[in-house]
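Novice: Position one of the sequence shown corresponds to residue 1 (this note's numbering), numbered consecutively onward. Here a beta-carbon is modelled for each residue, glycine too, at the ideal position from N, C-alpha and C. Before we start, here is the structure in question, set down as structure tokens.
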Amino acid sequence: YPIDPEPPRLEKNMSKLFFWSRQKIEKFFQRRFFRYLFIGGLSFALQAGLYGMLSRWIWPSGSRAVENFLAICITAVFNFLAQRNWTFQAQEGQYAHQMVKYVIGVVSATALQSALFWFGHAYLQIYDFFVIFVVGALMACYTYSVHRFFTFRTLSSHV
């Protein structure tokens, strides 16, 4: 058997490991649903952070439902841009059409999310951040379906 004059190098093995990990991470984010979850997670963190800032520091005596609504509206802008450009990689020519559909989806999602928040926090008197977490998880499923099959669906696939 030939004897390898040089033992395996740690740098070589680490670079292979890094390359393997990078490939796995890239493959993970190439899947549309996982990209949606990633952007959704960022949107959820942004919305919860904005709600926390509004309800605890900026306007502590304000209505929790109004503060939640404001946080949702601000987060919707980030979410549209990220979902359109990265998750669904929508076509450029359909921007106005998709924006109208997105607004319809966001209005329906915001109404549903606000109603569920009010029901959980004001009516059932459940801790507000717990309600945001549970409702956020439910809304992830709802909005993925709306965006996947309505908002970012190409015009040619409707025919």
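Is the region 107 to 117 in contact with the region 126 to 140, if contact means three or more CB pairs nearer than 8 Å?
Specialist: Touching, yes, given that three or more Cβ pairs across the two stretches are closer than 8 Å.
Novice: Alpha carbon to alpha carbon, how far is Phe130 from Phe44?
Specialist: If you number the sequence shown from 1, residue 130 lands on position 130. If you number the sequence shown from 1, residue 44 lands on position 44. The straight-line gap from Cα to Cα measures roughly 13 Å.
Novice: Are the region 45 to 65 and the region 81 to 101 touching, with three or more C-beta to C-beta distances below 8 Å?
Specialist: Verdict: no, contact absent.
Novice: Suppose you measure from the CA of Cys49 to the CA of Phe33; what does that come to, to the nearest Å?
Specialist: As a working mapping, residue 49 is identified with position 49 in the sequence shown. As a working mapping, residue 33 is identified with position 33 in the sequence shown. Cys is not the amino acid found at residue 49; the sequence shown has Gly there. If you take the alpha carbons of Gly49 and Phe33, they lie about 24 Å apart.
Novice: Give me, in chain order, the residues of the same chain whose beta-carbon lies closer than 6 Å to that of Phe117; leave out the 5 immediate sequence neighbours on both sides.
Specialist: Taking the sequence shown and counting its residues from 1, one reaches residue 117 at position 117. The answer, listed in chain order, is Asn68, Val131, Val135.
Novice: Where does Ile72 land, buried or exposed, given buried means 16+ other C-beta within 10 angstroms?
Specialist: By 1-based counting over the sequence shown, the position of residue 72 is 72. Under this definition Ile72 is a buried residue.
Novice: For Val159, which residues from the same chain have a beta carbon less than 7 Å from its beta carbon, with the 5 sequence-adjacent residues on both sides left out?
Specialist: Sequence index remark: in the sequence shown, residue 159 carries index 159 (1-based). At Val159, the pLDDT of 39 sits below 50, so the modelled position is not reliable and the matter cannot be decided from this model.
Novice: To which residues of the same chain is Thr75 closer than 7 Å at the C-beta, ignoring the five residues directly before and after it?
Specialist: Here residue 75 refers to the residue found at position 75 of the sequence shown. Only Ser43, Leu46, Gln47, Leu50 meet the Cβ criterion.
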